[in-house]
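The structure appears below as structure tokens.
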Amino acid sequence: MENQDTTQPRLTDTASTESDSQPVIKIPLDLCYDSASSLIEAVRGTLARHPERITLDLAEIRAMDSSGLKTLLEGRRLCEEAGVGFALSRMSECVAKMLKMSRFDRLFDLDDTAIHSETQRARPVTHREFTDWHSCEHVADSDPSLIGTLRESVAKVAMDAGVTDDELCDIRIAVGEALTNAYKHGSPNRGRSKISVRCMSCPESLAVEVRDEGPPFDADAVDDPDPAKMRDHGMGIYLMRQAMDVVEFRSGCPGNMVRMIKWLDRSKRSGEPQ
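Set out below in structure tokens:
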């Protein structure tokens, strides 16, 4: 698969529109495993100017994973250690959902006015017979820069199936976590181990399988994360289970495989007979 950089955020310091003591860092793209470190670099660079407060504008983020969550917590910690205020201003509905789903919303001073809401769109669905499944499959080297590309290939299948924005957000969260886990824990030979993703959709559901070449593990032995510990260990499996309706793990096949299913709400999709 061609290496396409689709997730690297362009961080913009908008201090020119605010007072110099209260700069705003705008993040217009994704905040995921392969790009989250850029946010920490931006926070550290801004702290060097000794501001009173740093605010993050998250309104344009379309995808965020547990590494992005950990980065927000790390940014807040850096500001607290420097005696600088830290705030989240606008945020996309997907970011807000991620914070609530992970139970990290309690760690930030949030209110409903911070959520940058867009009208919930019901995408037109291509009419197919119920038994007609649409599928795609990709195999890639275990390269973190490909996580976003693989995730968006699944998102495209989901959009073609006519999912709602809310369903698409759930799918992006779960698939991103599964791919990140495959890279972090299922790639014994980084850059040479293979990660595969298979996606299948029909009018009523979307199924995704992610496979890796890692050693076997027991997903049920992973405890739910504790937000108070400010760690992302175990967060990926928890988020997958929160975002999808069915999550199944299999080891020794060879490697590991996670299968996730999302039941689609046909009543909210345009072009769908009721």
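Under the numbering used here, the first residue of the sequence shown carries the number 752, and numbering increases by one thereafter.
Even glycine gets a Cβ: it sits at the ideal position worked out from N, Cα and C.
For L990, which of R828, V890, V908 and M815 has the nearest alpha-carbon? Position 239 of the sequence shown, counted from the start, is the residue given in the question as residue 990. The shortest C-alpha separation from L990 is found at M815.
Alpha carbon to alpha carbon, how far is S840 from L807? Give it in angstroms, no decimals. For the purposes of this step, residue 807 is taken as residue 56 along the sequence shown, with counting starting at 1. For the purposes of this step, residue 840 is taken as residue 89 along the sequence shown, with counting starting at 1. Computed Cα separation, rounded: 6 Å.
P802 to Q773, Cα distance in whole Å? Here residue 802 refers to the residue found at position 51 of the sequence shown. Here residue 773 refers to the residue found at position 22 of the sequence shown. Whole-angstrom Cα-Cα distance: 6 Å.
Just curious, the alpha helix (DSSP H) that C830 is in, first and last residue? Numbered from 1 along the sequence shown, position 79 holds the residue referred to as residue 830. S817 to E832 is the span of the alpha helix (DSSP H), which, as asked, contains C830.
L824 versus S786: straight-line alpha-carbon distance, rounded: If you number the sequence shown from 1, residue 824 lands on position 73. If you number the sequence shown from 1, residue 786 lands on position 35. Going by the C-alpha atoms only, they are around 15 Å apart.
Would A810 be called buried (16 or more neighbouring beta carbons within 10 Å of its own) or exposed? On the sequence shown, position 59 is the one that residue 810 refers to. Looking at its Cβ environment, which holds 16 or more other Cβ atoms inside 10 Å, A810 is buried.
By how many angstroms is the C-alpha of R813 removed from the C-alpha of S843? For this step, residue 843 is matched to residue 92 along the sequence shown. For this step, residue 813 is matched to residue 62 along the sequence shown. Roughly 7 Å between the two C-alpha positions.
Should V781 go down as buried or exposed, given a rule of 16 or more other Cβ atoms within 10 Å for buried? Here residue 781 refers to the residue found at position 30 of the sequence shown. First, the amino acid is wrong: residue 781 is Asp here, not Val. D781 is buried by the Cβ-count criterion.
Please classify A972 as buried or exposed, where buried requires at least 16 neighbouring CB atoms within 10 angstroms. Indexing the sequence shown from 1 puts residue 972 at position 221. It is exposed - the Cβ of A972 has fewer than 16 other Cβ atoms within 10 Å.
Spatially closest choice to A891 from A912, A958 and E964, by CA coordinates: In the sequence shown, the residue the question calls residue 891 occupies position 140. Taking only the C-alpha atoms, the option nearest A891 is E964.
Straight-line CA distance for V997 to L820? Start at 1 with the first residue of the sequence shown, and residue 997 comes out as number 246. Start at 1 with the first residue of the sequence shown, and residue 820 comes out as number 69. Rounded to whole angstroms, V997 to L820 spans 23 Å at the Cα level.
If you drop the 5 nearest sequence neighbours on each side, which residues of the same chain put their C-beta closer than 7 Å to that of G987? Your numbering for residue 987 matches position 236 in the sequence shown. Apart from the 5 residues on each side of it in sequence, G987 sits with its Cβ closer than 7 Å to the Cβ of S817, E928, T931 and N932 in its chain, given in chain order.
Beta bridge counterpart(s) of N1007 as assigned by DSSP: Locating residue 1007 in the sequence shown gives position 256, counting from the first residue. Partner(s): D963 and S1002.
Is A958 helix, strand or coil when you go by DSSP? As a working note, residue 958 is residue 207 in the sequence shown. Strand.
For S952, the nearest candidate out of R962, K1013, T900 and R857 (CA to CA): Position 201 of the sequence shown, counted from the first residue, corresponds to residue 952. The residue with the shortest Cα to Cα distance from S952 is K1013.
Residue burial classification, D894 (beta-carbon count within 10 angstroms, cutoff 16): Taking the sequence shown and counting its residues from 1, the one referred to as residue 894 is at position 143. Classification of D894: buried, given that the 10 Å Cβ count is 16 or more.
Could you tell me which of L1015, D975, A958 and A909 sits nearest to V1009, measuring between CA atoms? Reading the sequence shown from its first residue, position 258 is the one you call residue 1009. The candidate whose alpha carbon is nearest that of V1009 is A958.
With 16 other Cβ atoms within 10 Å as the buried cut-off, status of P976: One-based indexing of the sequence shown puts residue 976 at position 225. Buried.
Run through DSSP, which three-state label would D808 get? Here residue 808 refers to the residue found at position 57 when the sequence shown is read from its first residue. DSSP places D808 in strand when its eight states are reduced to three.
I'd like the list of long-range same chain contacts for R943, defined as Cβ closer than 8 Å, with 5 residues on each side in sequence excluded. On the sequence shown, position 192 is the one that residue 943 refers to. Within the same chain, R943 has close Cβ partners D892 and S893.
Could you say which of C920, P967, R1001 and L1015 lies nearest to M852 if we only look at CA atoms? If you number the sequence shown from 1, residue 852 lands on position 101. Selected option, being the one with the closest Cα: C920.
Less than 8 Å between the C-beta atoms of H889 and V948, yes or no? Position 138 of the sequence shown, counted from the first residue, corresponds to residue 889. Position 197 of the sequence shown, counted from the first residue, corresponds to residue 948. Contact: yes.
Would you list the one or two residues that DSSP bridges to L1048? No answer is possible for residue 1048: the residues shown for the chain start at 752 and end at 1025.
Could you give the first and the last residue of the continuous beta strand (DSSP E) run that contains R949? If you number the sequence shown from 1, residue 949 lands on position 198. From DSSP, the beta strand (DSSP E) with R949 extends over K945 to C953.
Proximity of A925 and A994 at Cβ, strictly below 8 Å: If you number the sequence shown from 1, residue 925 lands on position 174. If you number the sequence shown from 1, residue 994 lands on position 243. Going by C-beta atoms, A925 is nearer than 8 Å to A994.
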